[in-house]
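These notes are about the structure you will find just below.
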Amino acid sequence: MQQKEPPKIEFPCEGYPIKVLGDNENNFHDFVIEMLRLHSEEQHIDFLSIKASESRNGKFVSVTVKIVAQSEQQLSDIHKAFMATGRVKMVM
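Numbering of the sequence shown is given in numbering that gives the first Met the number 0, commencing with residue 0 and proceeding in unit increments.
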């Protein structure tokens, strides 16, 4: 069976979703926004798209924000920066 290659992303990519999962504590929502501000220009963050969802038991929260992704390198840098904080369980 032939495997399909994942679709190529063309940059800049408007509306690229970044989903960050972490413990539901210490203003995680604000933390996610501040981290994205470090790696994206303010006008490239869609503040109206921000969605937060708690896990069933309330222990975890996921925050999704759409950005205008500029490059694969930027996306890699965002992932590495979030994971290096120790507050994040997963970035999608």
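Glycine is no exception: its CB is placed at the ideal position from the N, C-alpha and C atoms.
Please list the segments of the alpha helix (DSSP H) lying wholly inside the region 6 to 38, counting only runs of 4 or more residues, in order along the chain.
27 to 38
Take Lys88 and list the residues in its own chain whose beta-carbon comes closer than 8 Å to its own, dropping the five residues that flank it on each side.
Leu20, Gly21, Asp22, Phe59
Cβ pair Val64, Pro11 closer than 7 Å
When the beta-carbon positions are compared, Val64 and Pro11 stay at least 7 Å from each other.
Could you name the residues that DSSP lists as bridge partners for Met89?
Leu20
Kindly confirm or deny that the region 48 to 56 and the region 70 to 78 touch, where touching means at least three C-beta pairs closer than 8 Å.
No contact exists between the region 48 to 56 and the region 70 to 78.
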